[in-house]
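A.B. asks: In order, the protein sequence lines correspond to chains D, C, X and S.
If you read the first sequence in our numbering, its first letter stands for residue 914, the second for the next number, and so on.
If you read the second sequence in our numbering, its first letter stands for residue 914, the second for the next number, and so on.
If you read the third sequence in our numbering, its first letter stands for residue 914, the second for the next number, and so on.
If you read the fourth sequence in our numbering, its first letter stands for residue 914, the second for the next number, and so on.
Glycine included, each C-beta is placed from N, C-alpha and C at the ideal position.
Mind looking over this structure? Questions follow.
There are 4 protein chains.
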Amino acid sequence: MGKYRFEEEEHELFRKSLRKFLEKEAVPQYEKWEEDRIIPKSFWKRLGDMGFLCPQVEEEYGGLGADFRYAVIIGEEMERVGASLTGVGLHNDITVPYIEAYGSEEQKQRWLPGCVAGDHITAIAMTEPGAGSDLANLSTTAVRQGDNYIVNGQKTFITNGINSTLILVAVKTDPKADPKHKGISLLLVEEGTPGFTKGRKLNKVGLHAQDTSELYFEDCVVPAANLIGAENKGFTYLMEKLQQERLVVAIAAQTASEDMLEMTLDYVKSRKAFGKPISSFQNTQFKLVEMATEVEIGHSFLESLIEDHMAGKDIVSKVSMAKYWLTDTAKKISGECMQLHGGYGYMEEYKIARRFRDIPVAAIYAGSNEIMKTIVAKRMGL
Amino acid sequence: MGKYRFEEEEHELFRKSLRKFLEKEAVPQYEKWEEDRIIPKSFWKRLGDMGFLCPQVEEEYGGLGADFRYAVIIGEEMERVGASLTGVGLHNDITVPYIEAYGSEEQKQRWLPGCVAGDHITAIAMTEPGAGSDLANLSTTAVRQGDNYIVNGQKTFITNGINSTLILVAVKTDPKADPKHKGISLLLVEEGTPGFTKGRKLNKVGLHAQDTSELYFEDCVVPAANLIGAENKGFTYLMEKLQQERLVVAIAAQTASEDMLEMTLDYVKSRKAFGKPISSFQNTQFKLVEMATEVEIGHSFLESLIEDHMAGKDIVSKVSMAKYWLTDTAKKISGECMQLHGGYGYMEEYKIARRFRDIPVAAIYAGSNEIMKTIVAKRMGL
Amino acid sequence: MGKYRFEEEEHELFRKSLRKFLEKEAVPQYEKWEEDRIIPKSFWKRLGDMGFLCPQVEEEYGGLGADFRYAVIIGEEMERVGASLTGVGLHNDITVPYIEAYGSEEQKQRWLPGCVAGDHITAIAMTEPGAGSDLANLSTTAVRQGDNYIVNGQKTFITNGINSTLILVAVKTDPKADPKHKGISLLLVEEGTPGFTKGRKLNKVGLHAQDTSELYFEDCVVPAANLIGAENKGFTYLMEKLQQERLVVAIAAQTASEDMLEMTLDYVKSRKAFGKPISSFQNTQFKLVEMATEVEIGHSFLESLIEDHMAGKDIVSKVSMAKYWLTDTAKKISGECMQLHGGYGYMEEYKIARRFRDIPVAAIYAGSNEIMKTIVAKRMGL
Amino acid sequence: MGKYRFEEEEHELFRKSLRKFLEKEAVPQYEKWEEDRIIPKSFWKRLGDMGFLCPQVEEEYGGLGADFRYAVIIGEEMERVGASLTGVGLHNDITVPYIEAYGSEEQKQRWLPGCVAGDHITAIAMTEPGAGSDLANLSTTAVRQGDNYIVNGQKTFITNGINSTLILVAVKTDPKADPKHKGISLLLVEEGTPGFTKGRKLNKVGLHAQDTSELYFEDCVVPAANLIGAENKGFTYLMEKLQQERLVVAIAAQTASEDMLEMTLDYVKSRKAFGKPISSFQNTQFKLVEMATEVEIGHSFLESLIEDHMAGKDIVSKVSMAKYWLTDTAKKISGECMQLHGGYGYMEEYKIARRFRDIPVAAIYAGSNEIMKTIVAKRMGL
Ligand SMILES: Cc1cc2nc3c(=O)[nH]c(=O)nc-3n(C[C@H](O)[C@H](O)[C@H](O)COP(=O)(O)OP(=O)(O)OC[C@H]3O[C@@H](n4cnc5c(N)ncnc54)[C@H](O)[C@@H]3O)c2cc1C
Ligand SMILES: Cc1cc2nc3c(=O)[nH]c(=O)nc-3n(C[C@H](O)[C@H](O)[C@H](O)COP(=O)(O)OP(=O)(O)OC[C@H]3O[C@@H](n4cnc5c(N)ncnc54)[C@H](O)[C@@H]3O)c2cc1C
Ligand SMILES: Cc1cc2nc3c(=O)[nH]c(=O)nc-3n(C[C@H](O)[C@H](O)[C@H](O)COP(=O)(O)OP(=O)(O)OC[C@H]3O[C@@H](n4cnc5c(N)ncnc54)[C@H](O)[C@@H]3O)c2cc1C
Ligand SMILES: Cc1cc2nc3c(=O)[nH]c(=O)nc-3n(C[C@H](O)[C@H](O)[C@H](O)COP(=O)(O)OP(=O)(O)OC[C@H]3O[C@@H](n4cnc5c(N)ncnc54)[C@H](O)[C@@H]3O)c2cc1C
């Protein structure tokens, strides 16, 4: 794909330097990280040193005050290396923004500089074994006791779970609230807090270097000073910030599609069968044209959506559409591109193999694609 | 859909006045025209009077020198009334531009004012019974004899065939040319030319008010002065102008999709079954959300494509993608929207019924969707 | 397709004689019938004379006591001529079986011989403007008055509506029944009954020779002797007999698919573009192979379903699956085969054109495909 | 699914005993085998002891002379445990049959008993780094030298590669043959043959316990007595035996689909969101009904295909259709079932996760699905 309409020279320079950095410090290590099932903290630190963590944070807290176009570029370039780097976008564009938007001055000063520097790695813990799509139904409780909250419960599927030092946890502070979602708050739990333990690193189909894990809270004592925003307002905050989360997932999916298309184009042009490149078979051609078309279309749509987001428009419907359509499309493309690679497509050493097993989760997390459709339906008056 | 990014106030005003005109002079007659299997010439004349024919033509030839945005609006508003009005776009944006681009000064003066006024209705005759996709293979011949060409052959599937007074005919002037496409020229044949007769009005699945027909040339004597551009350059001209033809078809398909979505949304909200609106069934909701998403995505893509076209960029790949994807999408949407209408969807008095039988031809004409894919494939180096 | 496993020599002979008959008496007239928007009663009479109406009826009422295999053959051969002959299957396999199964001895003697002979043409009127899928909600009432029922209400979309002389009407005899479906009965209304009038012949997208119409009942006096089966048992009867109705629709859809595949294979082998048959393009080949596969698979499935039906097994789930899948598949195939015909596919004189506009209704009537899915879902415990 | 029409009591008993065996000896070990990336030879030996290896082999060579129905049952039950057991079917139904069909009496006596007993594990090595679909183009050579063939070349993607003790290798014995496929022969290479080494065990997206690997031949000296059948007849043998290979893959795919459907039905009925089981959402219901329908249809088709195969009919077209359609369907179902599992579907401890990453290879091996389509196309005269 060409660059976005909204990219200017400074963005291009930024992209170049980031890409160069990643080619040197991420690409060669990526396979090892996948085997290790985790990305080393040292890499996070390097990212921080280079200014690639949370560049949007205001300068007074150590950031660059960069606009969302930089986030787009970081999201794309990380994804281009491999989907397991998804935790960086989560940190930059999903978790930290809660602190920026709803944190008190004191909280910002306490945490943001570390987030920018790579000393803090963040996670957001909403999902529980019994509550995923139906977030309002979560059962982790936080009971106020003096200056603390006593937290009890379990979270699961938490991205950056093992590496994280700061975890934004959605808890129930008013179990009797009706409707339920009015009793939810957000607590920032720090690593090492008594009663908080990290559980298993989960064994997933893909995203192998992503340290997704379970988290346990047993009479965990969290200072009330760690409450983000107002009590019982958590759900509202989540609904607001989930829009950018979905946008970030949509951008990654689009990048994955572009990447798969590109590598498959290369492959079919060089691979031969029956005395000619497999790119010469009309089926190969039509499949690739169809994918290229969807990639091109997706690009236009995303471009317009990012612009709307930067302009502060209400993007709820559009981002829900983008999240489901772009992830479903990427999922479909992964199957077709693997197929065009023949047997090699099934071998882990080929990047298409990794893409295939990494992508399907994008249709599940950040709000499942079915949930996206229910959101749009409601907004269409259905 | 909202309006396009590039629409300005003057365009909105133009759209409003056109829509008002059509609601008065086209909508109420449309069903009768469908039964009559033709649109009366008087309607064309009214269009001309109002300035809705070829507004792009320069003022010296009677036009308004309007930019392509006006063409977009006319295309959309005609399609909104019904697909049988497709012949207007063909006249405005497909045929007449050949005269504008390749006609001599004399030719422009002779014909353009009539085209703008609605005194002339144009058609373009490329397809023959034995040559459609494979245009270079056409067999209608034009042999130079003194100041005339003697034309022999048959054309078929010609839009505006019956109403047309000026027909741009692709003929073979050099049957020995190798490659074949280098022997093709464009002749403007006027109604009444000896040896030229209009054949059957074809009986089609849809587009009932469109007067698609066969054309016959038997020793038809066409003045050499009616040659458009240079001899044997016809194929080059066609390849150049076909891009806008495909864009026009893509715009109509997008409009049809938007229209079908809108009418189906209305329908499912008011129709009840099992004690509730059928819009309350999740299947109805998801289907409509999926369609709305494709419509929204298509809109973004088309918007960006129209901008590229207006900026004079090479749009060959992108317009070929748009032509196939938007028409295929519209075809799919027509089937799903008909289904959501239940039995009523199959009744001609419901607009969705007409849409269903009108739309599939869009995947065939202006270059079949398969041909679009071969074009893109070639450009992708496949 | 080859013949079914269960076809024996006698069935083959029957098929041959029927096909010969239709080639002589239906095929040449079909286009005219389509223009006339009706099949003449004389053709029905000829069918009766030849033993092609209701052969399953027991010999004592004039039938042949033939098994369901004959019905399959009649259904297929009628559909092969054209979908507008669908009314014959409705008469044979859908309406008349109600009389056979639930009619009294007296009723059977009164009506069955005429149904077999072609003197009676039957229809079944369930659907109303406000109640289609949700049959239990119908509002046509029948109030007992002495030896009669006084019927008031309106029916719509009734196949054979104009030609029919005997109409099986679903009426509400107990408007207070709870659940609603327990208040429904079936009345056989004879043509000419006072207060019964036939409404408009509906203008449909396809099935042009099928005389689908509205029916009106205004204080219509129907003898109580015309009640079929027990009062308020109508819904149970319908649920039982709808299974064979759906099977008949599934068989027709499969036949349509086979027919479209065959004609398209012929077409692509003979049509040329770019110097070779269009069957030589890999896209054409793969599309046709995919369709042939679905046709082959559909055939196996239907074969096994028909066997289950003849063996008296519970086919509710399986026939609902078949009805939706085979009609959806036929709908999809119609679009793809039309496309492979290029411009000719859109011309009414090509059979594929007619197939395209005839088939979509099969996904709507006899219980919409969505209703089929809800039935299967319930049976799967969902 | 119910049992096949052709299963008799003895087959049911066999299935029961096999299933019981597997539940005890395979299911509890399966996860460990997946981690180990191989199935231990001891398990093969146990299979042999129990009579589950090559039961079709004639009694004089140690087998049971069992018919193909037993193969169907073994294939299904292995697949039900997990796709990594695919190597058993390869041994039983793909490789060993070459020895049975084309081996000399001496060869049969030498090898068959060991194959039945589990002392020999077989593999078939056709594919090379540069020749997969285009088998005739293979470049591993075998040059006759006295009583031996000197084999040079490399094979890749070989199922059972590491465990195998007998490898049927496709070699080029006549490099000048024209057409190329007339120069191919089959040699049975024994483990330990000088010059033969096993290469890397390949790292695959799925089938983790399957020991797929590379094989190297460097001046490998294979006794001419190990030639299977006649020299230069190898391609003919392959084309004949590949039909059963494809059938075996089709059976496994159908089993996988049935298994996924079943586990997903269970899951959605027990998993709750928004206060009700997710099986209560209409989208869940419709998706599952659609899958159940395809599973049911696939079952009928496969049943009829297996019958044709057992009856010795030409199944080339039908098995090619089945191979592509059933594997593509299983691939699609895997994505949808994973999605319905939400986040859990992406966790390796859920069987659906394994199914998702195991299934796509079925669309690639045993002749890619594209190759299947070219075969059917040719047979349809396209
Ligand atoms: C790798 C990975 C990383 C993750 N990272 C995080 C993280 O960092 N933080 C965090 O909080 N969570 C995280 N998640 C959790 C993720 O957001 C949830 O898995 C997701 O929201 C779905 O919830 P669930 O798994 O409980 O599925 P369920 O809610 O149980 O849904 C099961 C199925 O039912 C469907 N469904 C649910 N409701 C409806 C409805 N109304 N209509 C139709 N269908 C419906 C769903 O779409 C889905 O297909 C992660 C998950 C994974 C797999
Ligand atoms: C209503 C209507 C209006 C029309 N108006 C006009 C008009 O005004 N002027 C005019 O000149 N023409 C007009 N046409 C003709 C139209 O442009 C042609 O029908 C179209 O270009 C296809 O040509 P064909 O019908 O000869 O199909 P063919 O060229 O015979 O194609 C048959 C099928 O083969 C496919 N095919 C062809 N080549 C390839 C390939 N290389 N690879 C894969 N598939 C291939 C096609 O896509 C198609 O599916 C009109 C047609 C219709 C139906
Ligand atoms: C040509 C033709 C011939 C016919 N012949 C006859 C005849 O001879 N006799 C007769 O009685 N009727 C006949 N019908 C009527 C036919 O059976 C109905 O049209 C059909 O049952 C659908 O009912 P409806 O049109 O009222 O649609 P509606 O019930 O209004 O349905 C509208 C849409 O909502 C969907 N929907 C409804 N309920 C649900 C749900 N619970 N979940 C999800 N989606 C749902 C439907 O599937 C459909 O897509 C005929 C119809 C046609 C078009
Ligand atoms: C896990 C695994 C196990 C295997 N086990 C064995 C084994 O035991 N023994 C063995 O010999 N092999 C085995 N194979 C190899 C397998 O059979 C081949 O991978 C397969 O035949 C495809 O060959 P290829 O990988 O060379 O793909 P290619 O032939 O390079 O094909 C690449 C792509 O081009 C497409 N293509 C090729 N020709 C055409 C055409 N004419 N028209 C359109 N498209 C075309 C293909 O469909 C594919 O999508 C195995 C493979 C895997 C992955």
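Return helix, strand or coil for T1110 of chain X, following the three-state DSSP convention.
C.D. replies: Within the third sequence, the letter at position 197 stands for residue 1110 of chain X. Reduced to three states, the DSSP call for T1110 of chain X is strand.
A.B. asks: Distance, Cα to Cα, A1276 of chain C vs D1179 of chain D?
C.D. replies: Position 363 of the second sequence holds residue 1276 of chain C. Position 266 of the first sequence holds residue 1179 of chain D. Roughly 30 Å between the two C-alpha positions.
A.B. asks: Mind listing which residues of the region 1186 to 1214 of chain S have their C-beta closer than 7 Å to chain C's C-betas, in chain order?
C.D. replies: F1194, Q1195, N1196 and F1199
A.B. asks: Hey, out of X:F1187, X:R1268 and X:D980, whose CA is closest to E1171 of chain X's CA?
C.D. replies: Taking the first residue of the third sequence as position 1, residue 1171 of chain X is located at position 258. It is X:R1268 whose Cα lies nearest to the Cα of E1171 of chain X.
A.B. asks: By how many angstroms is the C-alpha of M1285 of chain S removed from the C-alpha of A1341 of chain C?
C.D. replies: Nothing can be reported for residue 1341 of chain C, as the shown portion of chain C is limited to 914 through 1295.
A.B. asks: Between the Cα of T1240 of chain D and the Cα atoms of D:F981, D:I1228, D:T1168 and D:V1181, which residue gives the shortest distance?
C.D. replies: Position 327 of the first sequence holds residue 1240 of chain D. For T1240 of chain D, the nearest C-alpha among the options comes from D:T1168.
A.B. asks: Along chain D, which residues have their Cβ under 9 Å away from the Cβ of G1059 of chain S?
C.D. replies: Within the fourth sequence, the letter at position 146 stands for residue 1059 of chain S. Near G1059 of chain S there are no residues of chain D at all, since even the closest Cβ is about 35 Å away, more than 9 Å.
A.B. asks: In whole angstroms, give me the CA-to-CA distance for S1017 of chain D and I1141 of chain D.
C.D. replies: On the first sequence, residue 1017 of chain D is found 104 positions in, with the first residue counted as 1. On the first sequence, residue 1141 of chain D is found 228 positions in, with the first residue counted as 1. Computed Cα separation, rounded: 8 Å.
A.B. asks: Can you pull the chain D neighbours of G976 of chain S, defined as C-beta to C-beta under 9 Å?
C.D. replies: Locating residue 976 of chain S in the fourth sequence gives position 63, where the first residue counts as 1. Near G976 of chain S there are no residues of chain D at all, since even the closest Cβ is about 32 Å away, more than 9 Å.
A.B. asks: Going by DSSP in three states, I1075 of chain C sits in which element: helix, strand or coil?
C.D. replies: In the second sequence, residue 1075 of chain C corresponds to position 162, counting from 1. DSSP places I1075 of chain C in coil when its eight states are reduced to three.
A.B. asks: Note down the Cα distance separating K1231 of chain C from L1218 of chain C, rounded to an integer number of angstroms.
C.D. replies: As a position in the second sequence, residue 1231 of chain C is number 318, starting the count at 1. As a position in the second sequence, residue 1218 of chain C is number 305, starting the count at 1. So the alpha carbons of these two residues sit roughly 7 Å apart.
A.B. asks: Return the chain-ordered ranges of every alpha helix (DSSP H) run that is complete within the region 1196 to 1268 of chain C and spans a minimum of 4 residues.
C.D. replies: 1229 to 1253
A.B. asks: Going by DSSP in three states, E1283 of chain D sits in which element: helix, strand or coil?
C.D. replies: The residue labelled residue 1283 of chain D in the question sits at position 370 within the first sequence. Taken through DSSP and simplified to helix, strand or coil, E1283 of chain D comes out as helix.
A.B. asks: Please list, in chain order, the chain S residues whose beta carbon lies closer than 9 Å to that of P1088 of chain D.
C.D. replies: Counted from its first residue, the first sequence places residue 1088 of chain D at position 175. Ordered by position in chain S, no residue passes the 9 Å Cβ test against P1088 of chain D, which lies about 16 Å from the chain.
A.B. asks: Going along the chain, which residues of the region 1271 to 1292 of chain C sit with their C-beta nearer than 7 Å to a C-beta in chain D?
C.D. replies: Listed by position along the chain: K1286, V1289 and A1290.
A.B. asks: Which of the three DSSP states is assigned to K1146 of chain X in this structure?
C.D. replies: What you label residue 1146 of chain X is simply residue 233 of the third sequence in a count that begins at 1. It is coil, neither helix nor strand.
A.B. asks: Against chain S, which members of the region 1011 to 1045 of chain D pass a CB distance test of less than 7 Å?
C.D. replies: T1040 and G1045
A.B. asks: Less than 8 Å between the beta carbons of V1118 of chain X and R959 of chain X, yes or no?
C.D. replies: Here residue 1118 of chain X is taken as the residue at index 205 of the third sequence, counted from 1. Here residue 959 of chain X is taken as the residue at index 46 of the third sequence, counted from 1. Between V1118 of chain X and R959 of chain X, the C-beta spacing is not below 8 Å.
A.B. asks: Considering Cα atoms alone, identify which of C:P941, C:L1081, C:F1194 and C:K1114 is closest to E1103 of chain C.
C.D. replies: In the second sequence, residue 1103 of chain C corresponds to position 190, counting from 1. Taking only the C-alpha atoms, the option nearest E1103 of chain C is C:L1081.
A.B. asks: With 8 Å as the threshold, decide whether the Cβ of K1244 of chain D is near any Cβ in chain A.
C.D. replies: Of the chains in the structure shown, none is chain A; the protein chains are D, C, X and S.
A.B. asks: Identify whether T1069 of chain X lies in helix, strand or coil by the three-state DSSP scheme.
C.D. replies: Start at 1 with the first residue of the third sequence, and residue 1069 of chain X comes out as number 156. Residue state, collapsed to three classes: strand.
A.B. asks: I believe I1097 of chain X touches N1145 of chain X by the beta-carbon criterion, under 8 Å. Please report the beta-carbon distance rounded to the nearest angstrom.
C.D. replies: As a first step, residue 1097 of chain X must be located in the third sequence, where it is residue number 184. As a first step, residue 1145 of chain X must be located in the third sequence, where it is residue number 232. Yes, I1097 of chain X and N1145 of chain X are in contact; Cβ-Cβ is about 7 Å, under 8 Å.
A.B. asks: In chain order, what residues of the same chain lie with their CB nearer than 7 Å to the CB of G975 of chain S, ignoring the 5 residues before and after it?
C.D. replies: Stepping through the fourth sequence from its first residue, residue 975 of chain S is reached at position 62. So the qualifying residues of the chain are L1025, P1026, V1029 and A1030.
A.B. asks: Against M1234 of chain C, what residues of chain D qualify as contacts under a CB-to-CB distance less than 8 Å, listed in chain order?
C.D. replies: Mapped onto the second sequence, residue 1234 of chain C falls at position 321. Under the 8 Å cutoff, chain D gives V1202, A1205, T1206, E1209 and I1210.
A.B. asks: Can at least three beta-carbon pairs, one atom from the region 1001 to 1008 of chain C and one from the region 1156 to 1166 of chain C, be found at a separation below 8 Å?
C.D. replies: yes
A.B. asks: Classify V1289 of chain X as buried or exposed, calling it buried when 16 or more other Cβ atoms lie within 10 Å of its own Cβ.
C.D. replies: In the third sequence, the residue the question calls residue 1289 of chain X occupies position 376. Buried, because 16 or more other Cβ atoms sit within 10 Å of the Cβ of V1289 of chain X.
A.B. asks: Determine the DSSP secondary structure at C967 of chain X, reduced to helix, strand or coil.
C.D. replies: Numbered from its first residue, the third sequence carries residue 967 of chain X at position 54. Looking at C967 of chain X - three-state DSSP - the assignment turns out to be coil, as it is neither helix nor strand.
A.B. asks: Nearest chain S C-beta to G1255 of chain X closer than 8 Å, yes or no?
C.D. replies: In the third sequence, the residue the question calls residue 1255 of chain X occupies position 342. No, because no Cβ of chain S sits closer than 8 Å to the Cβ of G1255 of chain X.
A.B. asks: In whole angstroms, give me the CA-to-CA distance for L1115 of chain S and E923 of chain S.
C.D. replies: Reading the fourth sequence from its first residue, position 202 is the one you call residue 1115 of chain S. Reading the fourth sequence from its first residue, position 10 is the one you call residue 923 of chain S. In this structure, the straight-line span from the alpha carbon of L1115 of chain S to that of E923 of chain S is close to 39 Å.
A.B. asks: Relative to the C-alpha of P1107 of chain C, which residue among C:G1074, C:I1063 and C:A996 is closest?
C.D. replies: As a first step, residue 1107 of chain C is located in the second sequence; it is residue number 194 there, counting from the start. When each option's Cα is compared against that of P1107 of chain C, the closest is C:I1063.
A.B. asks: Check Y1062 of chain X in the structure and name its three-state DSSP category.
C.D. replies: Reading the third sequence from its first residue, position 149 is the one you call residue 1062 of chain X. Strand.
A.B. asks: Pull up the CB-CB distance for R928 of chain X and E990 of chain X, whole angstroms please, since I reckon it's below 8 Å.
C.D. replies: Counting from 1 along the third sequence, the entry for residue 928 of chain X is found at position 15. Counting from 1 along the third sequence, the entry for residue 990 of chain X is found at position 77. Between E990 of chain X and R928 of chain X the Cβ distance is about 7 Å, and since that is below 8 Å, they are a contact.
A.B. asks: Do I1272 of chain X and A1235 of chain X have their beta-carbon atoms positioned less than 8 Å apart in this structure?
C.D. replies: Residue mapping note: residue 1235 of chain X aligns to position 322 of the third sequence, counting from 1. Residue mapping note: residue 1272 of chain X aligns to position 359 of the third sequence, counting from 1. Cβ atoms of A1235 of chain X and I1272 of chain X: not closer than 8 Å.
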